[in-house]
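Participant: Quick one: this structure, given as structure tokens, is what I'll be asking you about.
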Amino acid sequence: MLAVVVIALYGLCLAFIFCYSLVQLHLTILYWLRRHHGQQRYQNAQQPGGPWPAVTVQLPVYNERYVVARLLRAIAAFDYPHEQLQIQVLDDSTDDTTSIIDEELRHYPQLHVEHICRAERVGYKAGALQHGLRQATGEYIAIFDADFLPSPDFLKRTLAAFAPDIGLVQTRWSHLNASYSLLTRLQAFGLNAHFSVEQAGRCSGGHFINFNGTAGIWRKTCIEEAGGWQADTLTEDLDLSYRAQLKGWRFTYLEEVEAPAELPAAMGAVKSQQFRWTKGAAETARKHLTSVLRAPQVPLSTKLHATFHLLNSAIFICILLSAILSVPMLFIKHTTPEWNGIFKLGTVLLLSLAALIGFYWTALYQQGHSAWHTTRRFAPDFFLFLALSMGLSLHNSLAVLEGYLGKKSPFIRTPKYNLLQAQDSWRQRSYFMESIHPVTVLEGLLALYFGFGIWQAFRLGDFGLLPFHVLLALGFGSVFVYSLLHSRP
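If you read the sequence shown in the numbering used here, its first letter stands for residue 700, the second for the next number, and so on.
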């Protein structure tokens, strides 16, 4: 009976992973069709009919002493009529970031800048954005996190993409420190797939996309009609995106326009960011999935994509469960040869892998447009990225479960340190985040567990799951070691 339960759970996890990979494959196809047919590009800023509209730039800031000055310099360099530009520095800081802002703003007397400090950090980032929205004078609202460095022509290029029914224009993130370390390189590898294939594919197919929290411009009316910023999830951006699109607003995505930003370099910061993203996605799914499925105006194909979009963090639960159950599956397969036909269903893992290879290969290809160079770079990065993603599955699964169960936790922002050169270090700087947690011990034990699975493969002479267990052992081992190495300033 126990064997039947193990096989059933394992099969359900593989089925979800397979369906998820098919959706990613469909997004890949949509992306290639978009490229083939040609998407209107906004390489040159073209003024819309009449004068440039009024824009409010919101800069939510909380304890960002290392990057806030360079952010203000980037915003001050915008090539946009100053009389049409309102800049809000939404400053909830409790350290010397506030004085750094005051000092930097003295250099820009020509700009209309409002340095807004709330008495209490109610609602975290969502609360700050909503507080600023009440005082915003712009028809459009541009939002940038503290570590972003938009180009001078950013506003003009994005505003040119607006049509009357478009409520948001989202742009692509690029990375200031992708080559800083292996950890930042692998993060960039994963994010690039989201910001090329996934966002562009959904946009091309007419499906729901999401604001990524920064480097985008909203129509103010869209935010207000959707109910404004709400702080009941950790992903206020995803939450507002779904509320707005359910109201009938269209979003568009500009892959051609990029905004560079800094990737977290320490495992504690990576885990904190992953926790917020995965738990927030689960909270948003809990809040909106039923409304999406019941919405009569939403096409069936968009409902399907939205379902997997909202449930994408559940992939970590499926990875973790299938990984843990894969070792008992070795023994069940060895002791019950009459079920060999069922075990052949495990080949869906290979089909899922093929779909994901196409998805991530496409994202890497769009950077260089050389199939040979892409493939040569792709193999090691994809292998290591898969391992790292598997290694984070325990940490992220706990976050997802908290989100589905409705357990609340504070919004913890990811610290940034202005790391641009390989010799730059975060270790002696403020905002250090501990990496050692009881979960870290479990990650180390899981690395040993999958090492045991590797040994059993050789003992039993069954190597079907060996590559899977090698990735798992490497992934959990890497996360465990990184957590130990990054546990002290």
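Ideal Cβ positions, reconstructed from N, Cα and C, are used throughout, including at glycine.
Can you look up Q1155 in the DSSP assignment and give me helix, strand or coil?
Facilitator: In the sequence shown, the residue the question calls residue 1155 occupies position 456. Of the three classes helix, strand and coil, the one that applies to Q1155 here is helix, per DSSP.
Participant: Tell me which residue opens and which closes the beta strand (DSSP E) that Y1130 is part of.
Facilitator: Locating residue 1130 in the sequence shown gives position 431, counting from the first residue. No beta strand (DSSP E) contains Y1130, which DSSP labels as neither H nor E.
Participant: Decide if Q757 is buried, meaning its Cβ has at least 16 other Cβ atoms within 10 Å, or exposed.
Facilitator: Counted from its first residue, the sequence shown places residue 757 at position 58. Burial call: buried.
Participant: I need the straight-line Cα distance from S792 to G866, nearest angstrom please.
Facilitator: Stepping through the sequence shown from its first residue, residue 792 is reached at position 93. Stepping through the sequence shown from its first residue, residue 866 is reached at position 167. Spanning the two alpha carbons is a distance of roughly 30 Å.
Participant: Any chance the stretch 1018-1037 sits against the stretch 1098-1106, with 3 or more Cβ pairs inside 8 Å?
Facilitator: Short answer: they don't touch.
Participant: Please classify T920: does DSSP put it in a helix, a strand, or coil?
Facilitator: Locating residue 920 in the sequence shown gives position 221, counting from the first residue. Three-state DSSP puts T920 in a helix.
Participant: Taking all protein chains shown into account, decide if M966 is buried (16 or more other Cβ within 10 angstroms of its Cβ) or exposed.
Facilitator: Start at 1 with the first residue of the sequence shown, and residue 966 comes out as number 267. Label assigned to M966: buried.
Participant: Going by C-alpha distance, which of Q785, G826, S1129 and G926 is nearest P1114?
Facilitator: Mapped onto the sequence shown, residue 1114 falls at position 415. Nearest option by C-alpha distance: S1129.
Participant: What are the partner residues of Q787, as DSSP defines its beta bridges?
Facilitator: Stepping through the sequence shown from its first residue, residue 787 is reached at position 88. Q757 and E813.
Participant: From S873, V1178, W928 and L771, pick the residue whose C-alpha is nearest to that of L1144; which is it?
Facilitator: Taking the sequence shown and counting its residues from 1, one reaches residue 1144 at position 445. For L1144, the nearest C-alpha among the options comes from V1178.
Participant: Classify F1151 as buried or exposed, calling it buried when 16 or more other Cβ atoms lie within 10 Å of its own Cβ.
Facilitator: Walking along the sequence shown from the start, residue 1151 turns up at place 452. Result: exposed.
Participant: Return the chain-ordered list of same chain residues with a C-beta closer than 7 Å to the C-beta of F851, the five sequence neighbours on each side being excluded.
Facilitator: Translated into positions along the sequence shown, residue 851 becomes position 152. Here residue 851 turns out to be Pro, not Phe, going by the sequence shown. Cβ neighbours of P851 beyond the five flanking positions: A776, F777 and D778.
Participant: Have a look at L721 and S1051 and give me their C-alpha separation to the nearest angstrom.
Facilitator: Here residue 721 is taken as the residue at index 22 of the sequence shown, counted from 1. Here residue 1051 is taken as the residue at index 352 of the sequence shown, counted from 1. L721 and S1051: Cα-Cα distance of roughly 7 Å.
Participant: Thinking C-alpha only, which one of I1153, R1158, L1159 and G1163 is nearest V1169?
Facilitator: To locate residue 1169, count along the sequence shown from 1; it is residue 470. Comparing Cα positions, the closest option is I1153.
Participant: Ignoring anything shorter than 4 residues or poking outside the stretch 946-1011, list the alpha helix (DSSP H) runs there in chain order.
Facilitator: Listed in chain order, they are 966-993 and 999-1009.
Participant: Let me make sure I understand the geometry here. Which of D864, S1092, A841 and S878 has the alpha-carbon closest to that of W917?
Facilitator: Numbered from its first residue, the sequence shown carries residue 917 at position 218. Closest option to W917, Cα to Cα, is A841.
Participant: Alpha carbon to alpha carbon, how far is V868 from L858? Give it in angstroms, no decimals.
Facilitator: Here the question's residue 858 lines up with position 159 in the sequence shown. Here the question's residue 868 lines up with position 169 in the sequence shown. Those two C-alpha atoms are separated by around 8 Å.
Participant: Between the C-alpha atoms of F853 and G912, what's the straight-line distance to the nearest angstrom?
Facilitator: Numbered from 1 along the sequence shown, position 154 holds the residue referred to as residue 853. Numbered from 1 along the sequence shown, position 213 holds the residue referred to as residue 912. Looking at the two C-alpha atoms, the distance is approximately 16 Å.
Participant: Determine the burial state of Q739: buried for a count of at least 16 other Cβ atoms within 10 Å of its Cβ, exposed for fewer.
Facilitator: Residue numbering aside, residue 739 sits at position 40 when the sequence shown is read from its first letter. Confidence is the limiting factor: at Q739 the pLDDT is only 47, short of 50, which leaves the residue's position unreliable, though a coordinate-based value still follows. Classification of Q739: exposed, given that the 10 Å Cβ count is below 16.
Participant: Applying the 10 Å Cβ sphere with the 16-neighbour rule, what's the burial state of Y741?
Facilitator: Here residue 741 refers to the residue found at position 42 when the sequence shown is read from its first residue. Residue placement at Y741 cannot be trusted, given a pLDDT of 45 that sits under 50; what the coordinates show is reported in the next sentence. With 16 or more other Cβ atoms within 10 Å, it is buried.
Participant: Excluding five sequence neighbours on each side, which residues of the same chain lie with their C-beta closer than 6 Å to the C-beta of L804?
Facilitator: Position 105 of the sequence shown, counting from 1, holds the residue named residue 804. The residues are V812.
Participant: Which of helix, strand or coil does DSSP assign to V766?
Facilitator: The residue given as residue 766 occupies position 67 in the sequence shown. The answer is coil: DSSP assigns V766 none of H, G, I, E or B.
Participant: Grab me the residues of A1054's own chain with a C-beta within less than 7 Å of its C-beta, minus the 5 sequence neighbours each way, in chain order.
Facilitator: Here residue 1054 corresponds to residue number 355 of the sequence shown, with the count starting at 1. Once the five neighbours on either side are set aside, the close Cβ partners of A1054 are S720, L721, Q723 and L724.
Participant: Report the option in W872, F1015 and D1080 whose CA atom is closest to the CA atom of R884.
Facilitator: Reading the sequence shown from its first residue, position 185 is the one you call residue 884. That would be D1080, whose Cα lies nearest to the Cα of R884.
Participant: Please identify the residue among I786, G826, A818 and K824 whose C-alpha is closest to the C-alpha of Y807.
Facilitator: By one-based count along the sequence shown, residue 807 stands at place 108. With distances taken between Cα atoms, Y807 lies closest to I786.
Participant: Does the count of Cβ pairs from the stretch 919-936 and the stretch 872-887 closer than 8 Å reach three?
Facilitator: Counting Cβ pairs under 8 Å, fewer than three are found: no touch.
Participant: With C-beta atoms as the reference, is Q973 less than 8 Å away from N1095?
Facilitator: Working through the sequence shown from its first residue, we reach residue 973 at position 274. Working through the sequence shown from its first residue, we reach residue 1095 at position 396. Yes.
Participant: Per DSSP, A841 forms a beta bridge with which residues?
Facilitator: Taking the sequence shown and counting its residues from 1, one reaches residue 841 at position 142. V756 and I916.
Participant: Going along the chain, which residues of its own chain have a beta-carbon closer than 8 Å to the beta-carbon of E1101, five neighbours each way excluded?
Facilitator: Taking the sequence shown and counting its residues from 1, the one referred to as residue 1101 is at position 402. The residues are K978, A981 and S1108.
Participant: Quick check on DSSP: helix, strand or coil for Q739?
Facilitator: Mapped onto the sequence shown, residue 739 falls at position 40. With a pLDDT of 47 at Q739, under the threshold of 50, the predicted position of this residue should be treated as unreliable, and no value is reported.
Participant: Look up G710 in the DSSP assignment and say whether it is helix, strand or coil.
Facilitator: Mapped onto the sequence shown, residue 710 falls at position 11. Residue state, collapsed to three classes: helix.
Participant: Determine the closest residue to V969 out of L789, L1091 and R772, with distance taken between C-alpha atoms.
Facilitator: One-based indexing of the sequence shown puts residue 969 at position 270. It is L1091 whose Cα lies nearest to the Cα of V969.
Participant: Could you give the residue range of the alpha helix (DSSP H) that holds S873?
Facilitator: Along the sequence shown, one-based indexing puts residue 873 at 174. Where S873 is concerned, there is no enclosing alpha helix (DSSP H), although the beta strand (DSSP E) it sits in stretches over I865 to H874.
Participant: What does a CB cutoff of less than 6 Å around C921 pick up in its chain, not counting 5 residues either side in sequence?
Facilitator: For the purposes of this step, residue 921 is taken as the residue at position 222 of the sequence shown. Result list for C921: G866, A943 and W948, in chain order.
Participant: Between R1112 and the rest of its own chain, which residues show a CB-CB distance below 6 Å, the 5 nearest in sequence each way excluded?
Facilitator: Here residue 1112 refers to the residue found at position 413 when the sequence shown is read from its first residue. Answer for R1112: Y761, listed in chain order.
Participant: To the nearest angstrom, report how far apart S971 and V997 are at their CA atoms.
Facilitator: In the sequence shown, counting from the first residue as 1, residue 971 sits at position 272. In the sequence shown, counting from the first residue as 1, residue 997 sits at position 298. When rounded, the distance between both Cα atoms is 34 Å.
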